[in-house]
Amino acid sequence: MTEDMSPAERYAAAKLRAAEQATALAPFREMYDFPLDPFQLDACRALEDGKGVLVAAPTGSGKTIVGEFAVHLALTQGRKCFYTTPIKALSNQKYQDLVRRYGPEKVGLLTGDNSVNAEAPVIVMTTEVLRNMLYAGSQTLIGLSYVVMDEVHYLSDRFRGAVWEEVIIHLPESVTLVSLSATVSNAEEFGDWLDTVRGDTEVIVSEHRPVPLWQHVLAGRRMYDLFEEREGRGGARREVNPDLERLARLENSRPTFGGDKRRGRNLREADRERERRQRSRIWTPSRPEVIDRLDNEGLLPAITFIFSRAGCEAAVQQCLHAGLRLNDQEGREKVRRIVEARTAGIPDDDLHVLGYFEWLEGLERGIAAHHAGMLPTFKEVVEELFVKGLVKAVFATETLALGINMPARSVVLEKLVKWNGEQHADITPGEFTQLTGRAGRRGIDVEGHAVVLWQRGMNPGALAGLAGTRTYPLRSSFKPSYNMAVNLVSQFGRHRSRELLEMSFAQFQADRSVVGISRQVHKNEEGLEGYRASMTCHLGDFEEYSQLRRQLKDRETELAKQGAAHRRVAAAAALEKLRPGDIIHVPAGKYAGLALVLDPGMSSGRTDRQRGFEGQDGPRPLVLTAERQVKRLAAIDFPVPVEALDRMRIPKSFNARSPQSRRDLASSLRTKAGHYVPSRHRKPRAEAADDREIARLRKEIRAHPCHGCDEREDHARWAERYHRLLRDTRQLERRIEGRTNTIARTFDRICALLTELDYLEADTVTDEGRRLARLYGELDLLASECLREGVWEGLGPAELAACASALVFEARQADDAVAPKLPSGQARDALAEMVRIWGRLDALEEDHKINQAEGVGQREPDLGFAWAAYRWASGFGLEEVLSEAEMPAGDFVRWCKQLIDVLGQIAVAAPHGGTVARTARKAMDGVLRGVVAYSSVG
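First residue of the sequence shown: 484, per my numbering; consecutive thereafter.
Set out below in C-alpha cells:
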C-alpha cells in the first residue's frame, strides 16, 4: 500500500502515526487483544480532546470501553474518575473488572451496603451515592476529573430517573462527563441538552451490531426465519417469511367441509385428514423441548425471558423432570466446586431454607433461573457460571436485560406480552431490542439468534414490525422532591435553584415541544385573519351577530342536558321504589317488554346516593323477562320513569340458574300480566319554550341588522370556522402555558409547603430543614416529621426497624383485603402515628396542589414488611421469618438492605439528646446478619 504513495503522502502518514503514538489512546489500545471499533476510537479521541461524550450503541457493542478510557485518562493524569452504574450488581461486576485490570489499590467501591477503598483514584458506585455526595459536598469529590454514567438511559425510569439528571446538573464544570446509553432514537436531542448544561459534548451513535442478529420463530418442530431476503428493483429487501404468514392463515382459518354435496364422503375425509396433519405441525413447544432443540442445533448458551418469577422457577423444574443434562461429568464437578466456595459463608440451616440443593442440582445440569426474588449471592453465582459456560440455559425475568454482562448465543422470548403492574400489555420495540440485544457474544459467536415461540393468534407482520423498529426515545422522568428542594436552597438559594431546575432534561424537552405548538398558533392566527375578512357583512358587525347565535345554541344545549338529567333522576327515583315481585314494562333496550323484578339492585335497601351510584349507573334491577331470560338491567334501559303494573309472588324454590324454574315463572308472568298494555309516556314540554334567556336572545337576533342580509348563512359558515379555529388556538396557548416552567412551578409549590412546615424561611434552611436534607427516599418528609414529633423515641431496635420498614417497603401488588400483621405495643402505636402524620401531609399536599399522580409527594407508608423486619431484627431464624412473610429470599434481602440504608440515614439525622440515633445503629446491627450480611464483595 505504501509503495503506491508519493513521498509526500508517506511523510504525512508517518507524521500522523507519530502523532497518534504520542496520545494516551495509543497505549490504551495495546491493552486489548482486539482492534477498537470506529465509534469507540471517535469517542476516545473526543475525550482526550477535552470534550464530554454521549455514546449510544446497541447492547454488547463494547461501549464500556469508552468508560474504561476515561478511567485510563484519570490515572494517567493523576486525577480521579467515578464510574457510576444504576444497580449494585452492575457496580460489583464493574469493580471486579477494573480490579483485574488496575489492581485493588487503585479501585474502590461505594454502594448502599458496601464501602471498599473509598479514597481510591477510581471508584465504582451507584448513581444515588454520587448524588448524595454532591449534596453533602463530600471531600471525596476533590480531584475528580471524569464521571462515567453507564446505562444513562435509566433517566427514563419513573422511580429513580431523576437522580441521573440531578448528578448531570450539579457536577462541577471541571468534570468531564462520559454518558453511555443503549440505542435511543433521540440521542441528538439528549446530546443537545448535555451540550447546554455540561458544555461541549460529542454525540456518537452506532447502530452497528458487532455480531449480526438473526430473528426466528419456533413453531412445533420447525424453526422459521422471521425475515426473508428478496431481490427487487431497488436491490435486496427484507420481507416477512411467507411460510410464517401461511402458518398464521392456516391456524386462523376454519375447516369448510361438506359445502359441496356432490363430493364423496371419502374425498371429504381426505381433506380433513390433510388439514389435520397441517394443523398438527403448529404448536408451542414446551420449555424442555425448546432447550433440547437449541442444544441440538448448537445455539446454546441461551437466555429464555419469562415475564414471571414463578415461571422461571417452574421452567427449571420442568427441564429437570424432563431429564435434561447440559453438562458432562467434568463440568458438573467444576460447578460444584465454584458453588461450594461461593456459598461457604452461608449457614447450613439457611441453605436448606433457600432451596440450595434443588438450585445446585439445576446448576450441575447447566440450567438455572435468574430473577429479583433470588438471593443476591445465588444470582451472582448464576452469572459467573453462565459467563464461564458452565450454565447453558437461563430462565430470566426482564431485569436481566438491564446491564448485567451475561451475553448469550441465543435469546428466547416465550411471549410478547407482559404484566406492567396494571395490565397485560404488549412489549414495546425498545423492550424487544433490549431483550434480544443479549444474543451474540463478541469474539465468540459469528452470529446471534433471537427466537420467539409461536403462540396462538400470533401475527408475523406485527412481530416483524417489533423486530424491525428501533424506536426507543429517551423521556425525562425528572421531578423535584422535598429533599432536593432543601438541598438546593441550602446551596444556591431559591432563585438560583429555580434556574437550575429549569436546566433539567424534562424542561428542555417540554420547551422543545412548545416550539412546534407556537408555530401552529402563529399559523392559526393567520387563518383567523382570513376567516374574519370572509365573514364581514356590509350591514353590520357579523362577529357580534354570530356571538348571539352561538349564545342561543349554547343555552338550548344546556337546557336539553338539564332536561335529560332530570329525566334520568326521575327514572332512578322510580327504580328505587321497585320491590321483588313487581311486574314492570321495560321501556327500552334489548330486553324491552314485560318483566318481573327479582332484585331491585339496591343492596339491602340503601339509597342510590348511599351506594355511591350518584352520577354513575344508579340502581340495576335483576329481572326475569317474559322470554325466560334473567338479566341485570341498567339505567340506559329506563329512559323514562317506570311503575309497577302489578305484583306476583316469587316462589322460594325459584332458582335463576334453572331453565325449568325460569320457564315456569315466565309462564306465570305472561298469564298474570300478558294483557297489560303499557301506558305511553307523554313527552314533557321543552324547557326552552318557557326560558326567558332564550326569548331575549331570539329577539336580539331578529333585531340585529345582519339578520336581514341575503348572504347571512354564508357569513355564518365563515363565522363558525372562525370560532372553531379560535377555540383550538386558545387550547394550544393553554398547552404552552402549562408546559412552560412546569418544573419550576412544582418547585415553588414544594417550597411553599416546606415554608408552612418551618423547613424553609425564604432563602434560609432551618434546623428542621437541615435534618430533612440528610433523609433521602420517597418518604423523606414523613421520616423528618416523625423525627420532629418524637414518634420513634423510646422504641427498641426491632421496633424501630419495623417502623422504618414502612418508609421503604412497597408491595409488588396491592392487597387491601387482608390487614398486615404488626408487632404489638409501642411499635404498633408508632406505626399508627406514622399513618396519621402521613394523612396530615397528604391533606397539605392537596392544599398546595402537589400531585402524587405526577410522581411528586408522599405515598402512603406500606406496613406490609413491618412484622418480618421486627422478627428478623429480634433475632428469629430465616426459615421462620420467610415462612411468615411469604416472601422470596431475594426480595427479603433487598428490602432488608434498603431498611439498613434508611436506618443509617435516621441515625445521622436524629436529634441530639434523644434515643433514636443509638437505637437506629443497634437496629442496623440486628438486621445486618445472616444472609443479609453475606456479600461477595469487600
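Built from N, CA and C at the ideal position, the CB exists for glycine as well.
Which of helix, strand or coil DSSP assigns to residue i
i            : result
residue 721  : strand
residue 597  : strand
residue 1244 : strand
residue 1030 : helix
residue 1151 : helix
residue 564  : strand
residue 581  : helix
residue 1415 : helix
residue 1130 : strand
residue 629  : strand
residue 708  : strand
residue 1230 : helix
residue 1004 : helix
residue 893  : strand
residue 1125 : coil
residue 958  : coil
residue 713  : strand
residue 1345 : coil
residue 489  : coil
residue 874  : coil
residue 1020 : strand
residue 968  : helix
Own chain partners of residue i with C-beta closer than 7 Å, once the 5 adjacent residues on each side are dropped
i            : result
residue 1233 : 963, 965, 968 and 1333
residue 1271 : 1251
residue 1118 : 1051, 1054, 1055, 1100 and 1101
residue 976  : 1246
Distance, residue j Cα to residue i Cα
i            : j            : result
residue 770  : residue 1293 : 32 Å
residue 1289 : residue 1304 : 13 Å
residue 1029 : residue 1190 : 10 Å
residue 915  : residue 908  : 13 Å
residue 1096 : residue 1059 : Caution applies to residue 1096, whose pLDDT of 40 falls short of 50 and renders its modelled position unreliable; the value that the coordinates give is listed next. Approximately 12 Å between the Cα atoms of the pair.
residue 1213 : residue 1007 : 10 Å
residue 958  : residue 1016 : 43 Å
residue 1173 : residue 1034 : 17 Å
residue 781  : residue 1403 : 55 Å
residue 733  : residue 900  : 23 Å
residue 1258 : residue 844  : 44 Å
residue 1322 : residue 597  : 35 Å
residue 742  : residue 729  : For residue 742, the predicted model reports a pLDDT of 45, less than 50, meaning its position is unreliable; a value from the coordinates is still stated below. Cα to Cα, the separation comes out at about 23 Å.
residue 1307 : residue 1346 : 13 Å
Close Cβ partners of residue i (< 8 Å) along its chain, the five nearest in sequence each way excluded
i            : result
residue 820  : none
residue 773  : 701, 787, 895, 934 and 936
residue 1215 : 1000, 1003, 1004 and 1007
residue 1132 : 1064
residue 1146 : 1111
Cβ-Cβ separation, residue j to residue i (assumed contact under 8 Å), whole Å
i            : j            : result
residue 798  : residue 878  : 4 Å
residue 939  : residue 890  : Between residue 890 and residue 939 the Cβ distance is about 31 Å, and since that is not below 8 Å, they are no contact.
residue 557  : residue 590  : Residue 557 to residue 590, Cβ: 11 Å. No contact.
residue 1284 : residue 1382 : 6 Å
residue 788  : residue 712  : Between residue 712 and residue 788 the Cβ distance is about 27 Å, and since that is not below 8 Å, they are no contact.
residue 565  : residue 608  : 6 Å
residue 1206 : residue 1020 : Not a contact, Cβ separation roughly 16 Å.
residue 651  : residue 961  : Not confirmed; about 10 Å, so no contact.
residue 630  : residue 661  : 7 Å
residue 856  : residue 1374 : 5 Å
residue 686  : residue 670  : 6 Å
residue 1269 : residue 1278 : The pair is not a contact, with the Cβ atoms about 11 Å apart (cut-off 8 Å).
residue 848  : residue 803  : 7 Å
residue 694  : residue 710  : About 17 Å separates the two Cβ atoms, so there is no contact after all.
Sequence-distant residues of the same chain with beta carbon closer than 6 Å to residue i, five excluded per side
i            : result
residue 949  : 912 and 915
residue 1092 : Residue placement at residue 1092 cannot be trusted, given a pLDDT of 41 that sits under 50; what the coordinates show is reported in the next sentence. Nothing listed; no residue qualifies.
Closer than 8 Å to chain B by CB, residue i
i            : result
residue 1208 : Of the chains in the structure shown, none is chain B; there is only one protein chain.
Length at least 4, wholly inside the stretch 816-845: the alpha helix (DSSP H) runs in chain order: Within the stretch 816-845, the complete alpha helix (DSSP H) runs of at least 4 residues are 831-836.
Runs of alpha helix (DSSP H) lying entirely within the stretch 1349-1386, each at least 4 residues, in chain order: The stretch 1349-1386 contains these whole alpha helix (DSSP H) runs: 1349-1356 and 1361-1368.
Please give the ranges of any alpha helix (DSSP H) in the stretch 615-694, keeping only runs that are unbroken, at least 4 residues long and fully inside the region. The stretch 615-694 contains these whole alpha helix (DSSP H) runs: 645-653 and 670-681.
Length at least 4, wholly inside the stretch 1242-1291: the alpha helix (DSSP H) runs in chain order: Counting only runs of 4 or more, we get 1250-1255, 1263-1271 and 1280-1291.
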